[in-house]
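These notes are about the structure you will find just below.
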Amino acid sequence: MNNEDSRLRIVKLLEPSICLSCRHASIATVEMTNGVSRRMLHCKRLDCDNWQTEEVEEHPVSIQDID
């Protein structure tokens, strides 16, 4: 994801179990700025009510959805 218009960020999920059945969510491998890769939920819905933003030290660099 090298598109300047896209913003990758880590958010806090209010009810993670809701995301498991959501059609806008998928499991992804996320590469962080420090080079570490982690598995996370990737939300493709930018206006979801199930998460809230918060400032975190870690920042994602790229996302690879797991098929």
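At position 6 of the sequence shown (counting the first as 1) the number is 376 in my numbering, and the numbers step up by one without a gap.
Quick reminder that beta carbons are idealized off the backbone N, C-alpha and C, glycines included.
Expressed to the nearest angstrom, what Euclidean distance is found between the alpha-carbon atoms of residue i and residue j?
i: residue 394; j: residue 383; result: 14 Å
i: residue 416; j: residue 392; result: 13 Å
i: residue 386; j: residue 428; result: 20 Å
i: residue 419; j: residue 380; result: 15 Å
i: residue 390; j: residue 405; result: 27 Å
i: residue 402; j: residue 388; result: 25 Å
For the alpha helix (DSSP H) that residue i lies in, which residues bound it at each end?
i: residue 388; result: 386 to 390
Taking the beta strand (DSSP E) that residue i belongs to, which residues open and close that run?
i: residue 429; result: Premise fails: residue 429 is in no beta strand (DSSP E) and is neither H nor E.
Which partner residues of residue i appear in the DSSP bridge assignment?
i: residue 397; result: 411
i: residue 383; result: 421
Among the residues of its own chain, which have a CB less than 7 Å from the CB of residue i, if the five just before and after it don't count?
i: residue 399; result: 407, 409, 434, 436
i: residue 414; result: 394
With H, G and I counted as helix, E and B as strand and the rest as coil, what does DSSP make of residue i?
i: residue 403; result: coil
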